[in-house]
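The next block holds one structure in the form of structure tokens; read it before the comments.
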Amino acid sequence: MVVDGKPGFTQESFEAIKKEAGNNSVYCNLVIDEMCIRQQVEIDSQKNIHGYINNMVVEHCYDSDDISLAKNSLIFFAVGINDYWKMPLAYFLIDGLGGKERANLLKEAINLLHDTDAKLQSITFDGANVNTRMCTELGVNFNYENRHAFIIKREQGLRAGTKLTKRHIYFHNEKMNVRLAAQTLSQSVADALTYLKNTNEDFKGAGQTSEFIYFINNAFDILNSRSRFSKKPFKRAISDETLDDYKTYIQLFIKYAKGLKFLDGIKVVDSARKTGYIGFILRLQNAIKMYHSLHLNECESCQKYLIQQSDKNPNSLIKIKNRGGLLYPSKAVEVLCQESKKIFRSESPLYQSKNKLYLINKVKTNIYKEGKETIPYCTEQESFLNIHEHRENVMNLIINKYVDIRIFHEIRKIKDNIKEKRTRTKLTKLINFNRE
1393 MVVDGKPGFT
1403 QESFEAIKKE
1413 AGNNSVYCNL
1423 VIDEMCIRQQ
1433 VEIDSQKNIH
1443 GYINNMVVEH
1453 CYDSDDISLA
1463 KNSLIFFAVG
1473 INDYWKMPLA
1483 YFLIDGLGGK
1493 ERANLLKEAI
1503 NLLHDTDAKL
1513 QSITFDGANV
1523 NTRMCTELGV
1533 NFNYENRHAF
1543 IIKREQGLRA
1553 GTKLTKRHIY
1563 FHNEKMNVRL
1573 AAQTLSQSVA
1583 DALTYLKNTN
1593 EDFKGAGQTS
1603 EFIYFINNAF
1613 DILNSRSRFS
1623 KKPFKRAISD
1633 ETLDDYKTYI
1643 QLFIKYAKGL
1653 KFLDGIKVVD
1663 SARKTGYIGF
1673 ILRLQNAIKM
1683 YHSLHLNECE
1693 SCQKYLIQQS
1703 DKNPNSLIKI
1713 KNRGGLLYPS
1723 KAVEVLCQES
1733 KKIFRSESPL
1743 YQSKNKLYLI
1753 NKVKTNIYKE
1763 GKETIPYCTE
1773 QESFLNIHEH
1783 RENVMNLIIN
1793 KYVDIRIFHE
1803 IRKIKDNIKE
1813 KRTRTKLTKL
1823 INFNRE
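Residue numbers (the working numbering): 1393 to 1828.
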């Protein structure tokens, strides 16, 4: 497939999302970012001139002498929430763009995503004032007391540092290095300040700084949480078990952020430095709201068919692997995995020649032909169409997860075979290697 790479919205991207949304539920996040580009003019083999602004808001005539060279590129791309994927949607060559023009582009991107049947859950951007005006043009209220705000500010990565260095203290030449800021506002730094406060007179007043770092670090952890089994309390993924604790902490964080003041008595959330704090509050509130939005789409009737209700399981390997807390799969799940295994082996190497959709359809076709036990119809849905859709979606998810695990395993096997042929791994520094 040939993709049109000209500035503007990429129709092929939206068609790909629409195709995927026709087979599975697609939840996504829209990301807006801007990057600097080098100013230059080029002409391609088709005599097309590139390098001037083209933002699709106002038509420009290349016969005019007032056309500006593009300084920045405004980029739109979608990120999957319930699956791992990213899709560039559009880019525009610009030389400064106001909030109203950006709002028009954002509105068009939302409309195009809506036409694909994908469910847009959030929008991510940085804290520039022009982006704030872009959202207010569309009626967004950035008052953190407003529970219905749907914008989430750009998330910044967290990577805890074990100690501070000169780079963290003299950061002026690396102001855009987010990693340094995240390491400075980490739990290890807060623990160190707490310890020094109790043992060193020079750090007698470090308690409030330590408290501030703890709040920021924990807020980072909640927003970056992924695993349900993390040992750290605020790094566990948002779930039914952690939801109440996170709600309580978020209220404490909001109260703390609203109480922060400068020396002149002005509250931080009311000052010119409010963007980061209000962004944190909105992100935390919307994380909980997004969890409720996605969790309500889960069907409890379909979920109970995935696990075995009794403890009696004839599979001895599962019993050996169980060290407590392991859920036994239902007979329907075992049948789907066994059939997927059979097709995977017969079509090997599947990850090189066939796609997942081919495997899913073939597995279901074989199961229906042989009349094997599988996921029953959902009895909680009102119409036959919904009943059929829920059953198909559950089967697709099971087969898709099995294929992902098997492909990962096969690729690891290939890597291991390559490593076995290398002499470097065993005879490092003893012989001269043959270009390894």
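Using N, Cα and C, we set each Cβ at its ideal position, and we do this for glycine too.
Fair warning: this is a prediction, and the values are worked out from it, not measured in the lab.
Cβ-Cβ distances below 6 Å link residue 1582 to 1602, 1605, 1606 in the same chain, with the five nearest sequence neighbours on each side left out; the list follows chain order.
Distance from the CA atom of residue 1497 to the CA atom of residue 1720, rounded to whole angstroms, is 49 Å. DSSP lists 1472, 1512 as the beta-bridge partner residues of residue 1420. Distance between residue 1410 and residue 1572, taken at the CA atoms: about 40 Å.
Here the alpha carbon of residue 1735 sits roughly 14 Å from the alpha carbon of residue 1762. In the three-state DSSP reduction, residue 1482 falls in the strand class (E or B).
Residue 1412 is classed as buried because its beta carbon has at least 16 other beta carbons within 10 Å across all chains shown. Residue environment: residue 1597 is assigned as exposed (fewer than 16 neighbouring CB atoms within 10 Å of its CB, all protein chains considered). Beta-bridge analysis with DSSP links residue 1444 to 1461.
Distance from the CA of residue 1566 to the CA of residue 1435, rounded to the nearest whole angstrom, comes to 36 Å. With respect to the C-alpha of residue 1400, the residue from 1481, 1408, 1460, 1766 having the closest C-alpha is 1481.
Runs of the alpha helix (DSSP H) lying entirely within the stretch 1576-1613 and spanning at least 4 residues, in chain order: 1579-1591.
Of the residues 1397, 1648, 1725, the one whose Cα lies closest to the Cα of residue 1440 is 1397. Fewer than three Cβ pairs drawn from the stretch 1620-1636 and the stretch 1654-1662 lie within less than 8 Å of each other, which leaves the two stretches out of contact. Under the 10 Å beta carbon count, residue 1644 is surrounded by fewer than 16 other beta carbons and is classified as exposed. Following the DSSP letters along the chain, one finds residue 1730 inside the alpha helix (DSSP H) bounded by residues 1723-1738. Residue 1674 and residue 1479 have their alpha carbons spaced roughly 25 Å apart. In this structure, the CA atom of residue 1507 is about 24 Å from the CA atom of residue 1491. Residue 1512 is positioned such that its CB atom lies closer than 7 Å to that of residue 1505. DSSP, read as helix, strand or coil, puts residue 1526 in helix. Note that the C-beta distance between residue 1611 and residue 1517 is not below 7 Å. Around the beta-carbon of residue 1806, fewer than 16 other beta-carbon atoms lie within 10 Å, marking it exposed.
Non-local beta-carbon contacts of residue 1794 in its own chain, meaning distances under 6 Å to residues more than five positions away in sequence, involve 1729, 1732 in chain order. Between residue 1414 and the set 1801, 1760, 1749, the nearest pair of CA atoms involves 1749. By the neighbour-count definition (other C-beta atoms within 10 Å, threshold 16), residue 1695 is an exposed residue.
With 16 or more neighbouring CB atoms inside 10 Å of its own CB, residue 1638 falls in the buried class. The three-state secondary structure of residue 1645, taken from DSSP, is helix. Residue 1576 and residue 1789 have their C-alpha atoms some 41 Å from each other.
By the neighbour-count criterion, in which a residue is buried when 16 or more other Cβ atoms sit within 10 angstroms of its Cβ, residue 1587 is exposed.
Assigned with DSSP and collapsed to three states, residue 1489 falls in coil, not helix or strand. Annotation for residue 1414: the continuous alpha helix (DSSP H) segment containing it runs 1403-1415. Take residue 1630, set aside five residues on each side of it, and the residues of its chain with a beta-carbon closer than 8 Å to its own are 1614, 1617, 1638, 1679, 1680, 1683, in chain order. Residue 1425 places its beta carbon 7 Å or farther from that of residue 1462. Put simply, of 1520, 1495, 1418, 1523 the residue whose alpha carbon is nearest the alpha carbon of residue 1474 is 1418. Contact check for residue 1764 and residue 1787: beta-carbon distance about 12 Å, past the 8 Å limit, so the pair fails to qualify.
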